[in-house]
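Heads up: the structure comes next, in structure tokens.
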Amino acid sequence: MLTVILLIILQASASSGRQERQPSQQADQRLSTGLRQSFRPRYRTLPPSSTTTSRAPSEGIERRAPRRPGHKYPCGWSQTKDNNPTSTAKVITSAGPFGTVQILASTKGPQTGYIPSSLETRGHLSTQPILTSIIPQPTSLLSTSSTISVPTTSLPTVSTMPSRDIFADPIATDAPPSAISTKKDHPVPRLGIKGTAPLSTNKFYANFFLGSQTAPSYLHPYSVAWAQGKGASASWGIAISHIEPTQRVYGQTNPTTGAASYFINPVGIQSVCISAKELGAATTLTTESLTDFSVRVCLRPSATAQAAIQFPLVQGSAFITAIFNGASPLIQTGVFYKTVTRSTREAKPGVTKYKLHLEDGTTWLLYAYHTKGDALDLQVTNNGLAESKGPFYGVIQAAKDPGNGETMYDEACGTYPTDVELSGNANDNKGTYTLAFKKAGMLLTTLAMFALPHHQSSFDDATRANLTSVKLQTTTKGMAAAVMADSWTMVEDDLPVNMSFVPWSPKAGSISTLSSTAKTFIRNIAMQEVSQNILQQTNQNSMYFSGKALAKFATVLMSINDILGDKALAEAGLNQLKVAFSRFSENMQQYPLVYESAWGGVVSSATYVTGNSGADFGNTYYNDHHFHYGYFIYCAAVIGHLDPTWLTDANKAYVNMLVRDVANPSAKDKFFPVWRCFDWFHGHSWAHGLFETLDGKDQESSSEDSMHAYAIKMWGTVSGDQNMAARGNLMLAIQARAIQAYYLYTSNNTVQPAQFIGNKAAGILFENKLDHTTYFGTNIEYIQGIHMLPLLPHTPLVRTPDFVAEEWNTYFGNGRAADIVGGWKGILYGNYATIDPRGAYAFFSSPGFDPSWLDGGASLTWYLCYSAGMSFSFLSFLEAFPIGILLTVNLFGTKLSVDCESLANCSSVRRL
């Protein structure tokens, strides 16, 4: 596949950012016309290709695709000879009442950015995330002499949650179980990392230690990248960028929905670069102090030299901060200066202030707090360079002024965040979590930090009082607002503590009561499904598909026990499920897990054996761990629920190891990084592991993300770890809020662009773009359905009835769902049960139901129990009304006409 980068000239005066990506070369038209049909692999190395170049003629920037397999610099871009950053230009200096202004006598067009024109697919497999092989009918049924009875198994009570800090203690601190072999190496080198494992693999700063080390890292609202002597600035420092909505590029408009197929923000714009004279061709970039919220990036004149500049990077920072200890600063730009003004008065004692007016019409503020020696004195050399007249000791901070931010920045300058301490508690159904920012510099100064929309909507009163009117657009998370505070506290008032394994809705709670007729019908189905060959179906060459198969049978057995009440049949199947699970807990599967100590984590051995980085969806490279292991954690929770004697130390250690790998809450655990997948700043997880990418981290399935939180909640409940259960409940509540803002769109969504929300679901959410597609195909059932599976009790918490109704009407209503084939059809109708449980039940119970409509990781037993349970909840709602009246109600987002005289048989309930 050719990787083509198109150059887009970004003008601040443009009235609209809507452009279509056009091929710059005739050869590229093949990619352009096939672009929406070729979103292949879910993380793989690029195939051999010749270099494809797109050039901005005025600036001489080019973007190169790799020439050969295994090329280590897929994101590198180079600068041609016509760009000389050290040349001089005429500068007019004028002293005025507010400061000394250095005016460039000649103008220069702003730097061009570029748009990655195709989906980066390295390491992504094109395999659909559903099991599509035909499941043979059982040749015999499980032998059991059972009678339907009320189950006696019950969950431990979790109604009273711990009030202490639920993040304080580790899950465990011992090594992984002895069945897990160890390796000291990993296929991905740790470029420039000054530190030892465990190391975070899925965090915002990973591009600094992957591949070319030059792809952007997204802090929100800014992005930063190592310029590495390239680009319009030719700087060797860190380039800072901020993108306005008018600079976005939108894809083609769907004529049916009116929504753009994607939107993307340009990369490579070097608005302000902070560098030093000492940096040059021998410069090396290193990282240290890697945490779940922050990193320190160091630029060294050579591999053995001390750092010339250190950049403490923390998500949400209002300033990009650079620490100098005697190097001579260079302040560069690829957008080019109009004027550089040094303020007459210091912003505060010891802090020199500059205003940088750029050719794109933006204004950036530069603050220099000198801790010793002289204040920062900049001399403008040309349109792209202002250099210090001497060495500097202290911090330099850059911030973009949206037009009303100068007063706030003046107040907040001089201090900067270095890390974040996460704490939280949960009492009954109320949970809180606090981000306490560690800081340095002027410690008496209050920090300014930018909060995302889901933070703002959940702030407690004290934090909300510190919100300011200063706002900056983020790339994919709406408008960020500045908060003047050293800590934030967010509140979730409705934790799903009453959610268990049975169907659940926010209004009705847990639902385990079905009519006797429904139970009898579903039990016949369950007998067929539980008699399938569990050992064979769960013996896959993939942790992902094996986990899905285990979870399928766990859900069947839970349904038989907790809903149908047939304990004997459940026990007969449970014995087989335990054996199937033991294949993995004893690490005897086709590709056993290994603990690798280079990064610090439990990974599939598939890549070690095959050499394919995309094996098992890139598990070895830390892709999708929360998806893969979430299914195992859920299965284990069900087994422990059905048979508490199974919760031996060995079994608990194995499952806890999986939880620790994806959701370790404490740095006291020295084997796994803290919160590998879930991002407490963004409110959801990142699935993208150790692959460099221009568009930052991404996640394709919001529903599997919330599944892993649900699994953690239930495993914590069953295993007796109340802190874990509380964290799972809190994660679910936060995910519901964040996913509804960023991933799933009702018509009143004001976070994402109006041009995009008609898609109803994000497709793939990156840090820098949203693309309404999948890595495995462009069918609409794929794109929407990947945010539906798996159907579990938590589903209606995240996928609200209003959203499901809008999505269904947009894509699948009026008989369109009937045209869907394969397992995706069952996924759609399972989702449909949220708004029309009777209609869904009728579909799944139809005499003509085709088993091919079931994903191999889903069961007809559960779909029937779920839709019947939701239907029973609906009937219980109707019992509150007087008999003998005709009424219209709106329940779960569906408008219904109900004749209450015939409530007993419900034949008069119909959708309007």
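Counted the way mature numbering (1 follows the signal peptide of the UniProt record, and there is no 0) counts, the sequence shown spans residues -17 to -1, 1 to 895. Just so you know, even glycine gets a beta-carbon here, dropped at the ideal spot from N, CA and C. Please read all numbers here as calculations on a predicted model, not as lab measurements.
CA nearest to the CA of Lys561, picked from Val621, Val586, Thr324: Within the sequence shown, residue 561 is the residue found at index 578, counting from 1. Residue Val621 is the option with its Cα nearest to Lys561.
Cβ-Cβ distance between Pro249 and Gln235 below 9 Å: Along the sequence shown, read from residue 1 onward, the residue named residue 249 stands at position 266. Along the sequence shown, read from residue 1 onward, the residue named residue 235 stands at position 252. No, the Cβ-Cβ distance between Pro249 and Gln235 is not below 9 Å.
Which of helix, strand or coil DSSP assigns to Asp384: On the sequence shown, residue 384 is found 401 positions in, with the first residue counted as 1. Secondary structure of Asp384 (DSSP, three-state): strand.
Any non-hydrogen atom of the ligand PLP within 8 Å of Ala551 CB: Ligands displayed in this structure: none; no statement on the ligand PLP is therefore possible.
Within 9 Å, strictly: CB atoms of Tyr612 and Met526: To locate residue 612, count along the sequence shown from 1; it is residue 629. To locate residue 526, count along the sequence shown from 1; it is residue 543. A contact, by the Cβ cut-off of 9 Å.
In chain order, each alpha helix (DSSP H) run of at least 4 residues that lies wholly inside the segment 728 to 813: 763 to 768, 778 to 781, 784 to 790
Length-filtered (3 minimum) beta strand (DSSP E) runs lying within the segment 239 to 318: 245 to 247, 255 to 259, 267 to 271, 277 to 283, 292 to 297, 303 to 308, 312 to 315
Integer Cβ distance of Ala745 from Tyr725, believed to fall under 8 Å: As a first step, residue 745 must be located in the sequence shown, where it is residue number 762. As a first step, residue 725 must be located in the sequence shown, where it is residue number 742. So it is a contact: roughly 7 Å between Cβ atoms.
Residues bridged to Ala823 [DSSP beta-bridge criterion]: The residue labelled residue 823 in the question sits at position 840 within the sequence shown. For Ala823, which the question treats as bridged, DSSP gives no partner whatsoever.
For Ser565, the three-state DSSP class (helix, strand or coil): For the purposes of this step, residue 565 is taken as residue 582 along the sequence shown, with counting starting at 1. The answer is helix: DSSP assigns Ser565 an H, G or I state.
For Thr239 and Arg328, the rounded distance between their alpha carbons: Against the sequence shown, residue 328 aligns to sequence position 345. Against the sequence shown, residue 239 aligns to sequence position 256. Their backbone Cα atoms lie some 58 Å apart in a straight line.
Length of the line joining the Cα atoms of Gly666 and Ser686: Walking along the sequence shown from the start, residue 666 turns up at place 683. Walking along the sequence shown from the start, residue 686 turns up at place 703. Their backbone Cα atoms lie some 14 Å apart in a straight line.
Beta-carbon proximity check, Ile616 vs Ile695, cutoff 9 Å: Numbered from 1 along the sequence shown, position 633 holds the residue referred to as residue 616. Numbered from 1 along the sequence shown, position 712 holds the residue referred to as residue 695. Yes, they are a contact pair.
Whole-angstrom distance between Tyr794 and Ile763, CA atom to CA atom: The residue given as residue 763 occupies position 780 in the sequence shown. The residue given as residue 794 occupies position 811 in the sequence shown. Using only the alpha carbons, I get a separation of about 8 Å.
Environment of Leu426 [buried if 16+ CB atoms lie within 10 Å]: For this step, residue 426 is matched to residue 443 along the sequence shown. Label assigned to Leu426: exposed.
Residues that Leu405 bridges to, as DSSP identifies them: If you number the sequence shown from 1, residue 405 lands on position 422. DSSP output for Leu405 lists Leu418 as bridge partner(s).
Among Asp549, Ala491, Ser483, the one whose alpha carbon lies nearest that of Ser499: The sequence position of residue 499 within the sequence shown is 516, counting from 1. Here the closest residue by C-alpha is Asp549.
Straight-line Cα distance separating Ala210 from Glu675: Here the question's residue 675 lines up with position 692 in the sequence shown. Here the question's residue 210 lines up with position 227 in the sequence shown. Roughly 15 Å separates the two Cα atoms.
Range covered by the beta strand (DSSP E) that runs through Asn585: Taking the first residue of the sequence shown as position 1, residue 585 is located at position 602. The question names Asn, but residue 585 is Val in the sequence shown. First-last of the beta strand (DSSP E) with Val585: 584 to 587.
Beta-carbon separation (whole angstroms), Trp658 vs Asp148, contact threshold 8 Å: As a working mapping, residue 658 is identified with position 675 in the sequence shown. As a working mapping, residue 148 is identified with position 165 in the sequence shown. The pair is not a contact, with the Cβ atoms about 15 Å apart (cut-off 8 Å).
The segment 342 to 349 / the segment 287 to 300 touching (three or more Cβ pairs under 8 Å): no
Option nearest Ala465 by Cα separation, candidates Lys383, Leu748, Tyr824, Ser495: Mapped onto the sequence shown, residue 465 falls at position 482. The residue with the shortest Cα to Cα distance from Ala465 is Lys383.
Alpha-carbon spacing of Ile223 relative to Met640, whole angstroms: Here residue 223 refers to the residue found at position 240 when the sequence shown is read from its first residue. Here residue 640 refers to the residue found at position 657 when the sequence shown is read from its first residue. Our two residues, Ile223 and Met640, have alpha carbons roughly 39 Å apart in a direct line.
Reduced DSSP category for Trp669 - H, G, I as helix; E, B as strand; rest coil: One-based indexing of the sequence shown puts residue 669 at position 686. If DSSP states are grouped into helix, strand and coil, Trp669 belongs with coil.
CB-CB length for Glu579 against His169, believed under 8 Å: Locating residue 579 in the sequence shown gives position 596, counting from the first residue. Locating residue 169 in the sequence shown gives position 186, counting from the first residue. That pair is a contact at about 5 Å.
Cα-Cα separation, Tyr846 to Ala816: Mapped onto the sequence shown, residue 846 falls at position 863. Mapped onto the sequence shown, residue 816 falls at position 833. Their backbone Cα atoms lie some 9 Å apart in a straight line.
Spatial neighbours of Met510 in its chain, beta-carbon cut-off 8 Å, leaving aside the 5 residues before and after: In the sequence shown, counting from the first residue as 1, residue 510 sits at position 527. Here the set comprises Leu124, Leu125, Leu552.
Cβ shell of Ile810 (< 8 Å), same chain only, five flanking positions each side left out: The count along the sequence shown starts at 1 and reaches residue 810 at position 827. Closer than 8 Å at Cβ, skipping near neighbours: Ile113, Glu764, Gly768, Met771, Leu772, Leu774, Asp838, Ala841.
C-alpha distance - Trp791 paired with Thr778, whole-angstrom precision: Counted from its first residue, the sequence shown places residue 791 at position 808. Counted from its first residue, the sequence shown places residue 778 at position 795. Roughly 15 Å separates the two Cα atoms.
Where Pro99 falls: helix, strand or coil (DSSP): Translated into positions along the sequence shown, residue 99 becomes position 116. In this structure, Pro99 counts as strand in the three-state DSSP scheme.
Rounded C-alpha distance that separates Ser244 from Arg506: Within the sequence shown, residue 244 is the residue found at index 261, counting from 1. Within the sequence shown, residue 506 is the residue found at index 523, counting from 1. Taking the straight line from one Cα to the other gives about 44 Å.
Buried or exposed by the 16-neighbour rule on C-beta atoms within 10 Å, applied to Ala158: If you number the sequence shown from 1, residue 158 lands on position 175. Burial call: exposed.
Best match in Leu368, Gly594, Ala491 for proximity to Met853 [C-alpha to C-alpha]: Here residue 853 is taken as the residue at index 870 of the sequence shown, counted from 1. Measuring from the Cα of Met853, the nearest candidate turns out to be Ala491.
Contacts around Pro820, its chain only, beta-carbon distance under 7 Å, and the 5 residues preceding and following it disregarded: Translated into the one-based positions of the sequence shown, residue 820 becomes position 837. The answer, listed in chain order, is Ser850, Met853, Ser854, Phe857.
Helix, strand or coil at Ser842 according to DSSP, with G and I counted as helix: Indexing the sequence shown from 1 puts residue 842 at position 859. In the structure shown, Ser842 sits in coil (DSSP, three-state: anything other than H, G, I, E or B).
Between the CA atoms of Leu273 and Thr335 - distance to the nearest angstrom: Here residue 335 is taken as the residue at index 352 of the sequence shown, counted from 1. Here residue 273 is taken as the residue at index 290 of the sequence shown, counted from 1. About 30 Å.
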